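Data first, discussion second: the structure below is written as C-alpha cells.
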Amino acid sequence: MRLRLGVLISGRGSNLQALIDAATDPAYPAEVALVISNKADAPGLERARAAGIATLVLKPKDFADKAAHEAAMTAALESAGVGLVCLAGYMRLLSPVFVSAWLDRLINIHPSLLPSFPGLHTHERAIEAGVRFHGCTVHFVRVEMDTGPIIVQAAVPVADGATPDSLAARVLEQEHKAYPLAVRLIAEGRVTVAGDRAVVARGAVPDAVIAPIA
Ligand code: GAR
C-alpha cells in the first residue's frame, strides 16, 4: 500500500501540486490522502479538489485554543490513515505537542539552504548577504522553527543581478523536485533519523539527485 500523505497548506499550494503530480505515477510510493488548510480561501484547496482529494478547512479562530485546533488536525489526519504529514507553505507554528505526536512523521519544505535563512523573506536576505548559492531544504520538523534533520537539499547559483522574484522562481522549480524526492525516499524506507541528522540510504538514488545544482 502507498504511504498516505496529509498535506497542510495556507496558500498557493504549488508544492502540494508537485506531490499530487508525482502520485499520478502508480509506481510512486505515496499518495495525497487529505489536504488541510487553516484558510478557507487558500488556492491550494482548489488544486486538491480538482484532483479528487479530500479537503478540510480548520480555522484556528473556530477553536478554543491552539491545542484544540491541533487536536482536530491530528484527529482528521489519523482518521484519514495518514502516515506522513507534509507542511507545504503552512504558515503557522506548530506546538511541541503536535510536533511530538508526529515526530519523524512530519516534514517541511523551506526556501533556503538551512541552517541559513530560517524564517521569512529568505530570497531577499540571501541576495543581501551576497551568498553565491541559495536553494531549498526538506527536513523533519522539530519544535524550533525551520530546524530538524535534513532529508534533501537543492542548490541554485545566485546570478549577478538576481532579484528576490527571479531567485524565488529558480528555487521554487527545485522545490517541486526536492519535495516529491524526499517523500519518495521516506516512503521507500531509505531515511533514518540518527540524533540531529537524517541518514539517506542512497541505493539507486544518485548523489546528484540528492543535491541537484541547477
Ligand atoms: C514555498 O516556497 C515554501 O518553501 C515556503 O512557502 C512557499 C509555499 O508555496 N514555505 C515556507 O516559507 C515555510 N517556512 P506553495 O504554497 O506554492 O507550495
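Per numbering that gives the first Met the number 0, the sequence shown starts with residue 0, numbered consecutively.
Ideal Cβ placement from N, Cα and C applies to all residues, glycine included.
A quick note: this is a predicted structure, and the numbers were derived from the prediction, not measured.
Problem set entry | Whether G51 touches I8 by CB criterion (8 Å) | no
Problem set entry | Proximity winner among R104, S94, A100 and C135, relative to F116 (alpha-carbon distances) | C135
Exercise. With distances taken between CB atoms, is the gap from H122 to A167 smaller than 8 Å?
Worked result: yes
For this session: Please report how far the alpha carbon of V130 lies from the alpha carbon of L76, in whole angstroms.
Result: 39 Å
Exercise. Per the contact definition of three or more C-beta pairs closer than 8 Å, is the stretch 83-90 in contact with the stretch 142-154?
Worked result: no
Problem set entry | Spatially closest choice to V157 from M144, E127 and M72, by CA coordinates | E127
Exercise. Is the beta carbon of N37 within less than 7 Å of some heavy atom of the ligand GAR?
Worked result: no
Exercise. Nearest to A41 by CA position, among A32, E30, V56 and G118, is which residue?
Worked result: V56
Exercise. Is P114 near the ligand GAR, in the sense that its beta carbon is under 7 Å from a heavy atom of that ligand?
Worked result: no
Exercise. Would the beta-carbon of V170 fall within 8 Å of that of L86?
Worked result: no
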